[in-house]
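Which chain is which? The protein sequence lines are A and B, in order.
The first sequence lines up with residues 0 to 343 when you count with numbering that gives the first Met the number 0.
The second sequence lines up with residues 0 to 343 when you count with numbering that gives the first Met the number 0.
Number of protein chains: 2
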Amino acid sequence: MADKINKNNKVSLAEVARAAGVSKMTASRVMRGEGGYSDKTRDKVMAKVDLLGYLPNRLATVFAGDQSSTFVGVSIPDLGNEVFAQVLEGIDRKLGSFGYQTVLGLTQHTIEEEEAWIETVLSWQPAGLILTGRSHSPRSLDLLRNAGLPVVEIWDLNSSPLDMSVGINHYDCGFEMGRYLVGLGYKALGYVGTSHDTANAATARLDGFAKAVADGGGTVTRQFCLHDTASYYPGFYGTEQLLASGADVDCIYYQNDAMAFGGLQFCQKTGLRVPDHIGVAGWGDMPIASVLQQRLTSLHVSHLKLGQAAAEAMVARISGEPHETARDIGFHLVPGTTTRKGDL
Amino acid sequence: MADKINKNNKVSLAEVARAAGVSKMTASRVMRGEGGYSDKTRDKVMAKVDLLGYLPNRLATVFAGDQSSTFVGVSIPDLGNEVFAQVLEGIDRKLGSFGYQTVLGLTQHTIEEEEAWIETVLSWQPAGLILTGRSHSPRSLDLLRNAGLPVVEIWDLNSSPLDMSVGINHYDCGFEMGRYLVGLGYKALGYVGTSHDTANAATARLDGFAKAVADGGGTVTRQFCLHDTASYYPGFYGTEQLLASGADVDCIYYQNDAMAFGGLQFCQKTGLRVPDHIGVAGWGDMPIASVLQQRLTSLHVSHLKLGQAAAEAMVARISGEPHETARDIGFHLVPGTTTRKGDL
DNA sequence: AGATGTAAAGTTACCGGTAACGTAAGAACG
DNA sequence: CGTTCTTACGTTACCGGTAACTTTACATCT
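And the structure:
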């Protein structure tokens with residue numbers, strides 16, 4: 000009876016087979032429902048499966064090399080930022096609907112963390128990887144090249160990605176907002192964001208923004224909040240610092256809506272009227288924008304859709320279906336009432 | 000040369016060993032650094048590891064049953080809710096620091112989704128599971144019992160959990176807020192939350208709240224927003240609906256701070272002064288509370304810490320170290336200016 | 001009745017590591 | 001100088017499934 004219980008105390012297919020009086024192979028065929036057995040045999044086997052509480056060991060199947068795993072490694076910088084949480088939600092839900100599981104890696108925005116995570120997750124033979132960002136360490140690139148599996152780089156659209164890219168063009172985001180604000184007559188722009196050590200999407204937005212403003216003859220005064228996440232409070236005190244620096248600023252562009260909201264709160268607290276005294280613009284069209292008294296001038300991006308599209312690209316690639324190399328999710332500017340009215 | 004390349008095109012330990020002119024076993028010993036080889040042999044093997052870009056296949060190791068996997072399944076209801084994102088962040092960071100990986104499952108608040116996910120993730124032989132909530136389907140319970148691995152139920156503290164529990168007592172949260180508000184003289188309380196089909200933590204808070212209010216001789220008028228996440232906008236229109244219903248309400252308790260913020264925005268829009276005309280209280284002490292003009296009366300919970308504690312409990316249990324069955328993270332009420340002043 | 005075909009099984013080998021055990025060669029010892 | 005002890009390896013078997021192949025038991029046909 001208890002002659003062959005594995006160390007894990009788990010029921011194996013062999014035990015089910017023995018209990019049912021058939022061979023392992025027959026039991027395996029029944030489990031997979033691929034035919035080649037009689038109804039009577041199937042019932043016998045399934046009865047024992049229920050009785051013993053047998054649960055297949057997918058590790059063994061994948062290990063045997065007969066099929067690839069259903070793991071997809073997903074690296075995300077951090078979840079304190081609402082937009083990444085939404086992206087992850089989109090990815091996981093969509094992957095789940097196709098029978099894949101997310102193996103999460105929070106990289107804290109560093110390529111070193113990402114590298115360590117990539118090495119670990121690759122050793123688990125994932126079906127593919129979804130990486131946030133387009134900047135990777137040399138060793139990461141080596142590992143990915145060697146592994147030769149599907150890779151989707153998300154967030155900042157990469158026209159020549161490692162494998163595939165899904166995202167938006169952040170430079171264009173910044174540029175469009177810059178052009179819009181300049182078009183409204185703003186000249187002395189401010190920017191409030193967190194510090195970005197590595198070239199990342201926020202930097203790309205700022206670059207695009209600065210270019211558009213410069214093209215329009217304006218200036219951009221930058222204020223970076225060091226060592227902090229791009230959330231409400233850094234927006235609040237970043238604004239305080241920018242204004243305290245004596246910079247002459249008629250409109251502030253924030254790294255995202257959460258920071259812009261923090262800025263709005265600072266303005267309200269200090270009696271600065273928006274948009275009469277100062278304009279405020281954000282990025283991301285985050286949920287909070289939907290309940291503010293004033294419609295925040297922002298740039299809408301569907302983060303959930305971005306995540307879903309990344310998962311779809313991954314699944315398509317795993318299934319061998321064709322998929323475009325770079326998928327642009329797009330964005331659109333949302334004119335709000337936190338900036339002065341255009342001459343529409 | 001190319002006599003034994005596996006179908007995955009991946010370099011195996013056997014290939015490294017052959018290239019180095021040693022046996023698989025010796026190469027294995029070198030990889031694990033467990034000794035039993037000469038310096039010369041180690042160098043020979045490592046040189047080939049680098050040359051061939053060998054990456055161990057952890058699936059094989061775990062599969063062989065010699066050690067358990069470093070996967071930990073983590074089920075989370077949704078990431079649209081900021082607090083769960085924070086919990087997940089705490090879990091993943093802490094697990095990662097111990098060398099474990101998070102396999103994510105978003106259950107959309109249903110035990111059916113949870114059940115399906117549990118079955119899948121168990122087939123991957125995880126080292127343990129962290130589940131949000133204490134309500135599980137009968138089959139889930141069967142599966143978990145059968146699997147016999149560490150399980151940490153988080154969020155709503157469970158004094159008699161399946162295995163371990165880390166969280167707070169949500170009933171007590173509600174009770175404390177109810178007692179506080181009644182103590183301030185409020186009598187006609189309102190509650191605005193999302194609908195909860197299943198008995199969950201928000202329901203427990205409401206129950207505790209209602210009890211405290213009833214004890215104090217007050218009443219609670221409930222307003223549920225159907226089919227929505229507990230975010231800003233539902234707080235906004237939930238407030239609108241509650242007040243439109245003609246209910247006489249002097250203070251509203253919200254399911255969380257995000258909803259409370261939505262409520263504050265509604266009040267501001269309609270000219271209801273807070274706290275002069277109506278009191279507002281939330282739950283969770285979310286980041287947004289830090290930048291509002293008025294300090295939101297809320298209840299502070301460290302969600303990040305909750306996640307970390309859950310991961311610590313899991314790791315302790317896996318390592319065979321003793322760990323308390325139920326770990327209470329605690330909370331404290333934050334009196335704000337969105338409710339009238341107490342007679343302190 | 002013997003030949004042939006087919007459905008329903010069983011047998012064998014293998015995936016990539018590691019535990020357990022075996023062995024050869026040199027060192028240490030009396 | 002033979003015995004014993006180490007060190008540094010090599011050999012074998014196994015984890016839990018599945019592909020590929022073989023066998024068995026009948027039914028069907030000539």
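Virtual Cβ for every residue (Gly too), placed ideally from N, Cα, C.
* To do: Quick one: using the 10 Å Cβ neighbour count with 16 as the cut-off for buried, is leucine 140 of chain A buried or exposed?
  => Within the first sequence, residue 140 of chain A is the residue found at index 141, counting from 1. By the neighbour-count rule (16 or more Cβ atoms within 10 Å), leucine 140 of chain A is not buried but exposed.
* Taking the alpha-carbon positions, what's the threonine 106 of chain B to leucine 94 of chain A distance? -> Along the second sequence, read from residue 1 onward, the residue named residue 106 of chain B stands at position 107. Along the first sequence, read from residue 1 onward, the residue named residue 94 of chain A stands at position 95. Taking the straight line from one Cα to the other gives about 13 Å.
* Residue ranges of each alpha helix (DSSP H) within the segment 61 to 98 of chain A, 4 or longer -> Those alpha helix (DSSP H) runs which fall completely within the segment 61 to 98 of chain A and span 4+ residues are 81 to 96.
* Asked: Cβ atoms of glycine 184 of chain A and arginine 339 of chain A: under 8 Å apart, would you say?
  -> Locating residue 339 of chain A in the first sequence gives position 340, where the first residue counts as 1. Locating residue 184 of chain A in the first sequence gives position 185, where the first residue counts as 1. Glycine 184 of chain A is positioned such that its CB atom lies closer than 8 Å to that of arginine 339 of chain A.
* To do: Starting from the C-beta of glutamate 111 of chain B, find all residues in its chain whose C-beta is less than 8 Å away, skip the five residues before and the five after it, and write them out in chain order.
  => Along the second sequence, one-based indexing puts residue 111 of chain B at 112. Here the set comprises Ser136.
* Cβ shell of glycine 79 of chain A (< 8 Å), same chain only, five flanking positions each side left out -> Numbered from 1 along the first sequence, position 80 holds the residue referred to as residue 79 of chain A. Closer than 8 Å at Cβ, skipping near neighbours: Thr228, Ser230.
* Contact with chain A by tryptophan 123 of chain B, beta-carbon distance below 8 Å -> Position 124 of the second sequence, counting from 1, holds the residue named residue 123 of chain B. The beta carbon of tryptophan 123 of chain B sits closer than 8 Å to some beta carbon of chain A.
* Asked: Would DSSP call tyrosine 253 of chain B helix, strand or coil?
  -> Numbered from its first residue, the second sequence carries residue 253 of chain B at position 254. Looking at tyrosine 253 of chain B - three-state DSSP - the assignment turns out to be strand.
* Going by other Cβ atoms of all chains shown within 10 Å of its Cβ, with 16 needed for buried, is lysine 47 of chain B buried or exposed? -> By 1-based counting over the second sequence, the position of residue 47 of chain B is 48. Per the 10 Å Cβ criterion, buried.
* Asked: Which word fits histidine 169 of chain A, buried or exposed, when buried means at least 16 other C-beta atoms lie within 10 angstroms of its C-beta?
  -> What you label residue 169 of chain A is simply residue 170 of the first sequence in a count that begins at 1. With 16 or more other Cβ atoms within 10 Å, it is buried.
* **CB-CB length for glutamine 312 of chain B against arginine 326 of chain B, believed under 8 Å** => For the purposes of this step, residue 312 of chain B is identified with residue 313 of the second sequence, where counting begins at 1. For the purposes of this step, residue 326 of chain B is identified with residue 327 of the second sequence, where counting begins at 1. First, the amino acid is wrong: residue 312 of chain B is alanine here, not glutamine. The pair is a contact, with the Cβ atoms about 6 Å apart (cut-off 8 Å).
* Return helix, strand or coil for arginine 31 of chain A, following the three-state DSSP convention. => Against the first sequence, residue 31 of chain A aligns to sequence position 32. Of the three classes helix, strand and coil, the one that applies to arginine 31 of chain A here is helix, per DSSP.
* Report, in whole angstroms, the separation of the C-beta atoms of asparagine 199 of chain A and glycine 132 of chain A, which I expect to be a contact under 8 Å. => Here residue 199 of chain A is taken as the residue at index 200 of the first sequence, counted from 1. Here residue 132 of chain A is taken as the residue at index 133 of the first sequence, counted from 1. The Cβ separation is near 6 Å, so the contact holds.
* What residues in the segment 221 to 241 of chain B bring their beta carbon closer than 8 Å to a beta carbon of chain A? -> Cβ contacts with chain A come from Ser230, Tyr231, Tyr232, Gly234, Phe235.
* What are the boundary residues of the alpha helix (DSSP H) that isoleucine 328 of chain B is part of? -> Indexing the second sequence from 1 puts residue 328 of chain B at position 329. No alpha helix (DSSP H) holds isoleucine 328 of chain B; DSSP gives it neither H nor E.
* Straight-line gap, methionine 258 of chain A to leucine 332 of chain A (C-alpha atoms, nearest Å) -> As a first step, residue 258 of chain A must be located in the first sequence, where it is residue number 259. As a first step, residue 332 of chain A must be located in the first sequence, where it is residue number 333. Between methionine 258 of chain A and leucine 332 of chain A, the C-alpha separation is close to 17 Å.
* Three or more C-beta pairs below 8 Å linking the segment 288 to 302 of chain B and the segment 65 to 78 of chain B -> In short, these stretches do not touch, since the Cβ pair count stays below three.
* Just curious, the beta strand (DSSP E) that glutamine 307 of chain A is in, first and last residue? -> If you number the first sequence from 1, residue 307 of chain A lands on position 308. First-last for glutamine 307 of chain A: 302 to 317, but that is the alpha helix (DSSP H), not the beta strand (DSSP E).
* Helix, strand or coil for aspartate 275 of chain A, going by three-state DSSP, please let me know. => Locating residue 275 of chain A in the first sequence gives position 276, counting from the first residue. Here aspartate 275 of chain A carries a coil assignment [DSSP, helix/strand/coil].
* Quick one: using the 10 Å Cβ neighbour count with 16 as the cut-off for buried, is lysine 9 of chain A buried or exposed? => In the first sequence, counting from the first residue as 1, residue 9 of chain A sits at position 10. Lysine 9 of chain A comes out buried.
* Around the C-beta of leucine 50 of chain B, are 16 or more other C-beta atoms found within 10 angstroms, so that it is buried, or is it exposed? -> For the purposes of this step, residue 50 of chain B is taken as residue 51 along the second sequence, with counting starting at 1. So leucine 50 of chain B ends up on the exposed side.
* Where glutamate 152 of chain A falls: helix, strand or coil (DSSP) -> By one-based count along the first sequence, residue 152 of chain A stands at place 153. The answer is strand: DSSP assigns glutamate 152 of chain A an E or B state.
* Asked: Which whole-angstrom value is the C-beta distance of glycine 237 of chain A and glutamine 222 of chain A, which I expect to be below 8 Å?
  -> Position 238 of the first sequence, counted from the first residue, corresponds to residue 237 of chain A. Position 223 of the first sequence, counted from the first residue, corresponds to residue 222 of chain A. Indeed they touch by this definition, with Cβ atoms about 5 Å apart.
* To do: Flag phenylalanine 62 of chain B as yes if its beta-carbon sits less than 8 Å from any beta-carbon of chain A, otherwise no.
  => For the purposes of this step, residue 62 of chain B is taken as the residue at position 63 of the second sequence. Yes - at least one Cβ of chain A is within 8 Å of the one on phenylalanine 62 of chain B.
* To do: State yes or no: is the C-beta of glycine 335 of chain B nearer than 7 Å to some heavy atom of the ligand GDP?
  => Ligands are entirely absent from the displayed structure, and the ligand GDP is therefore not among its contents.
* To do: Excluding the 5 residues preceding and the 5 following phenylalanine 330 of chain A in the sequence, name in chain order all residues of the same chain whose CB lies nearer than 7 Å to its CB.
  => Taking the first sequence and counting its residues from 1, one reaches residue 330 of chain A at position 331. Hits under 7 Å: Ile167, Cys172, Leu298, His299, Val300.
* Using a Cβ-Cβ distance under 8 Å, would leucine 140 of chain B count as near chain A? -> Here the question's residue 140 of chain B lines up with position 141 in the second sequence. Leucine 140 of chain B has a beta carbon lying at 8 Å or more from every beta carbon in chain A.
* Asked: Is the CB of asparagine 8 of chain B under 8 Å away from at least one CB in chain A?
  -> To locate residue 8 of chain B, count along the second sequence from 1; it is residue 9. The beta carbon of asparagine 8 of chain B sits closer than 8 Å to some beta carbon of chain A.
* To do: Taking all protein chains shown into account, decide if isoleucine 4 of chain A is buried (16 or more other Cβ within 10 angstroms of its Cβ) or exposed.
  => Looking up residue 4 of chain A in the first sequence gives position 5. Reliability fails at isoleucine 4 of chain A, whose pLDDT of 42 lies under 50, so the model's placement of it is uncertain and no value is given.
* Any beta-carbon of chain B closer than 8 Å to the one on asparagine 157 of chain A? -> Numbered from 1 along the first sequence, position 158 holds the residue referred to as residue 157 of chain A. So, not an interface residue.
* Which term fits histidine 276 of chain A, buried or exposed, when burial requires 16 or more other beta carbons within 10 angstroms of its beta carbon? -> One-based indexing of the first sequence puts residue 276 of chain A at position 277. Around the beta carbon of histidine 276 of chain A, fewer than 16 other beta carbons sit within 10 angstroms, so the residue counts as exposed.
* What are the boundary residues of the alpha helix (DSSP H) that includes methionine 45 of chain B? -> Against the second sequence, residue 45 of chain B aligns to sequence position 46. The continuous alpha helix (DSSP H) containing methionine 45 of chain B extends over residues 38 to 51.
* Give me the Cβ distance between glycine 89 of chain A and lysine 304 of chain A, rounded to the nearest whole Å; I'm assuming they're in contact under 8 Å. => Within the first sequence, the letter at position 90 stands for residue 89 of chain A. Within the first sequence, the letter at position 305 stands for residue 304 of chain A. 7 Å between Cβ atoms; contact.
* Asked: First and last residue of the beta strand (DSSP E) that includes alanine 288 of chain B?
  -> Reading the second sequence from its first residue, position 289 is the one you call residue 288 of chain B. Taken as a continuous stretch (DSSP letters only), alanine 288 of chain B belongs to no beta strand (DSSP E), as it is neither H nor E.
* Cβ of glycine 52 of chain A within 8 Å of any chain B Cβ -> Residue mapping note: residue 52 of chain A aligns to position 53 of the first sequence, counting from 1. By this cut-off, glycine 52 of chain A is an interface position.
* Quick one: is aspartate 162 of chain A near chain B, going by C-beta distance under 8 Å? -> Looking up residue 162 of chain A in the first sequence gives position 163. For aspartate 162 of chain A, the answer is no, since every Cβ of chain B falls outside 8 Å of its Cβ.
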